[in-house]
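*Asks:* Quick one: structure below, then a few questions.
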Amino acid sequence: RFDRQVVMDLPTAKAREDILKIHTKKMPLSSEIDLKEIASTAPGFSGADLKNLANEAALMAAREEAKEITLHHFSLARDKVLMGNPREEILRDEQKKVIAVHESGHAIVAHLTKESSPLKKITIIPRGRALGFTEQLHTEDMVNHSKSYLIGQIDVLLGGRSAEEILIGEIT
Numbered sequence: 510r511f512d513r514q515v516v517m518d519l520p521t522a523k524a525r526e527d528i529l530k531i532h533t534k535k536m537p538l539s540s541e542i543d544l545k546e547i548a549s550t551a552p553g554f555s556g557a558d559l560k561n562l563a564n565e566a567a568l569m570a571a572r573e574e575a576k577e578i579t580l581h582h583f584s585l586a587r588d589k590v591l592m593g594n595p596r597e598e599i600l601r602d603e604q605k606k607v608i609a610v611h612e613s614g615h616a617i618v619a620h621l622t623k624e625s626s627p628l629k630k631i632t633i634i635p636r637g638r639a640l641g642f643t644e645q646l647h648t649e650d651m652v653n654h655s656k657s658y659l660i661g662q663i664d665v666l667l668g669g670r671s672a673e674e675i676l677i678g679e680i681t
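Every position in the sequence shown, counted from 1, becomes a number in the working numbering once 509 is added.
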């Protein structure tokens, strides 16, 4: 029958932690690994995304011939799951400067915006369709967004464009 709808919400922080415990049970995790912390950095991840995250972290460790999976491996895996593999793109210095200015603009506005989520990572390494990215991390699962928070997010998004206009003299 097709008259039934089953809604599967994305897992909460606690559920993400429990899912990660299942998928890392047989993995050699470093003592520095805190699955609760990793789960908190993965809002919006489904169970399949979390399994992929754990498997990618294990693959990263194996490629390095590491005896244990570390936070570094989870960080690399998270970038891959979110943004894709780094692209082997040769960028000219002027292109790198524009990307760095753009991402710095996002980061500065995020840092100065009261309602903004904390900065997690800034990079100009091209991944997927992005030439770089500035990542902010929610400190908790968000179910509602205030108007001031959303305006702050718009400000952060426009920060890259504004930085280009001010420092480069034109917008790319």
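C-beta atoms are modelled at their ideal positions from N, C-alpha and C, and glycine is treated no differently. Because the structure is a prediction, the values reported are computed rather than measured.
My output table needs one value for Ile617: the three-state DSSP class, helix, strand or coil.
*Replies:* Residue state, collapsed to three classes: helix.
*Asks:* With DSSP as the reference, label Ile578 as helix, strand or coil.
*Replies:* Note: Ile578 maps to strand in three-state DSSP.
*Asks:* Can the beta-carbon of Ala548 be found closer than 9 Å to that of Asp558?
*Replies:* Not in contact: Ala548 and Asp558 (Cβ atoms no closer than 9 Å).
*Asks:* Taking Thr533 as part of the alpha helix (DSSP H), name the residues at either end of that continuous run.
*Replies:* It spans Ala522 to Thr533 - the alpha helix (DSSP H) in which Thr533 sits, taken as one unbroken run.
*Asks:* Could you pull out every residue in the same chain whose Cβ sits closer than 7 Å to the Cβ of Met517, ignoring the five residues on either side in sequence?
*Replies:* There are no such residues.
*Asks:* Short check: CB of Lys665 to CB of Ala619, under 9 Å?
*Replies:* According to the sequence provided, residue 665 is Val. The question's Lys does not apply to it. Contact flag set, yes.
*Asks:* Over the uninterrupted alpha helix (DSSP H) stretch that includes Ile547, give me the two end residues.
*Replies:* Leu544 to Ser549 is the extent of the alpha helix (DSSP H) around Ile547.
*Asks:* Between which residues of its own chain and Ile634 is the CB-CB distance below 6 Å, once the five residues before and five after are set aside?
*Replies:* These residues qualify, in order along the chain: Pro595.
*Asks:* Below 8 Å, how does it come out for the segment 555 to 570 and the segment 587 to 602: are there three or more Cβ pairs, yes or no?
*Replies:* The segment 555 to 570 is in contact with the segment 587 to 602.
*Asks:* In terms of residue numbering, what span does the alpha helix (DSSP H) encompassing Glu673 cover?
*Replies:* Unbroken alpha helix (DSSP H) run through Glu673: Lys656 to Leu676.
*Asks:* What separation, rounded to the nearest whole angstrom, lies between the Cα atoms of Thr533 and Pro520?
*Replies:* Rounded to the nearest angstrom, the two C-alpha atoms are 17 Å apart.
*Asks:* When you compare the CB positions of Glu577 and Pro627, do they come within less than 9 Å of one another, or not?
*Replies:* No, these two residues do not count as a Cβ contact at 9 Å.
*Asks:* When the Cα atoms are used, what is the spatial distance from Gln645 to Glu574?
*Replies:* Cα to Cα, Gln645 sits roughly 31 Å from Glu574.
*Asks:* From this set, Asp602, Ala571, Leu580 and Lys535, which residue's C-alpha is nearest Glu541's C-alpha?
*Replies:* The shortest C-alpha separation from Glu541 is found at Leu580.
*Asks:* Using the Cα positions of Gly556 and His654, report the straight-line distance between them to the nearest angstrom.
*Replies:* In a straight line, the C-alpha of Gly556 is about 24 Å away from that of His654.
*Asks:* With distances taken between CB atoms, is the gap from His611 to Ala524 smaller than 9 Å?
*Replies:* Going by C-beta atoms, His611 is not nearer than 9 Å to Ala524.
*Asks:* State buried or exposed for Ser657, treating a residue as buried only when at least 16 other CB atoms are found within 10 Å of its CB.
*Replies:* Exposed, since its Cβ has fewer than 16 Cβ neighbours within 10 Å.
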